[in-house]
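Take a look at the structure below.
Residue numbers (our numbering): 2 to 287.
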């Protein structure tokens, strides 16, 4: 489910960015998500879980900066300059970074089968995207570099946040980081929104539907699923599913945009899924 929702983010986010600049879109997206998550927090029992404990607030503040201003700032700017296919390919690098970070920071190595399955899935993902017409030599390099920074930030957020999720749960952790990250993002986002207010006010209904998807489907539902999984599985074992996102993006582009699907794509998809399953079977719980 997370893979499907995230794949839609690349296509729908790119459509929204055609009318809304990156920083105003980020401010609207995460302000809306913060409201939804705050309402969910208010329903938590016991009430003590509604606010983060003092001993984790410093770490939470760092994760909040990584999650929203850093990760999403670079992601939206990068996607605005690049393409959904490039973004999906670069986010397929997440399992490799998480595998390294989980080992370096958490001492969490999920086993050689997981590493081999990750490499197999990643390699075939790259093959599928190049076969599908991805040409990096003519790609928007600046946007890709910004997306690469976003991928590194997301990997750090995944590896470092798992301990908090295991202790406090997915909803409190994601709500605390998104709300705090939105507050950190607010001054820059508000200034950018003021300068781009004419574009924001005259955006089409389709663009606003895209914003609604980014708020509810991506920033609330998808994030909660991601961190719920992190509370139950090793970080590298969760991150391996990012290898499926480029395939899901290509499938959605086929359904909604009429992109073609070739036999090589189908064969590559089978190998990627096999790599994910192989990694899952070989992974150890931490």
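Cβ coordinates follow ideal geometry from the N, Cα and C atoms, glycine included. Small disclaimer: the values here were computed from a predicted structure and weren't measured.
C-alpha distance - residue i paired with residue j, whole-angstrom precision
i	j	result
residue 156	residue 63	14 Å
residue 219	residue 121	27 Å
residue 173	residue 211	26 Å
residue 232	residue 158	14 Å
residue 102	residue 124	20 Å
residue 199	residue 209	15 Å
residue 75	residue 147	5 Å
residue 205	residue 53	38 Å
residue 166	residue 190	28 Å
residue 217	residue 195	24 Å
residue 221	residue 153	21 Å
residue 6	residue 229	15 Å
residue 31	residue 39	12 Å
residue 252	residue 71	29 Å
residue 1	residue 16	The displayed coordinates of the chain run from 2 to 287. Any statement about residue 1 would go beyond what the structure contains.
residue 239	residue 4	11 Å
residue 44	residue 225	15 Å
residue 28	residue 160	25 Å
residue 162	residue 51	18 Å
residue 287	residue 171	Low local confidence applies: a pLDDT of 40 at residue 287 is under 50, so the model's placement there is unreliable, and no value is given.
residue 41	residue 178	14 Å
residue 264	residue 213	35 Å
residue 117	residue 192	46 Å
residue 271	residue 207	34 Å
residue 254	residue 58	41 Å
Residue i in three-state terms, based on DSSP
i	result
residue 53	coil
residue 206	helix
residue 83	coil
residue 22	coil
residue 146	helix
residue 235	coil
residue 287	Any reading at residue 287 is ruled out, since the residue's pLDDT is 40, under 50, leaving its predicted position unreliable.
residue 44	coil
residue 121	helix
residue 94	coil
Limits of the unbroken alpha helix (DSSP H) element including residue i
i	result
residue 58	58-66
residue 288	Only positions 2 to 287 of the chain appear in this structure, which leaves residue 288 out of reach.
Residue from the options with nearest C-alpha to residue i
i	options	result
residue 11	92, 21 and 161	92
residue 197	13, 18 and 14	18
residue 69	246, 242 and 176	176
residue 88	248, 214 and 31	248
residue 22	82, 33, 39 and 4	82
residue 245	99, 94 and 188	94
residue 20	202, 230 and 228	202
residue 164	235, 207, 192 and 255	235
residue 56	272, 239 and 168	168
residue 65	98, 213 and 35	35
residue 60	41, 182, 14 and 28	182
residue 98	150, 78 and 79	150
residue 79	24, 45 and 96	24
residue 184	9, 14 and 67	67
residue 279	73, 242 and 268	242
residue 85	14, 257 and 275	14
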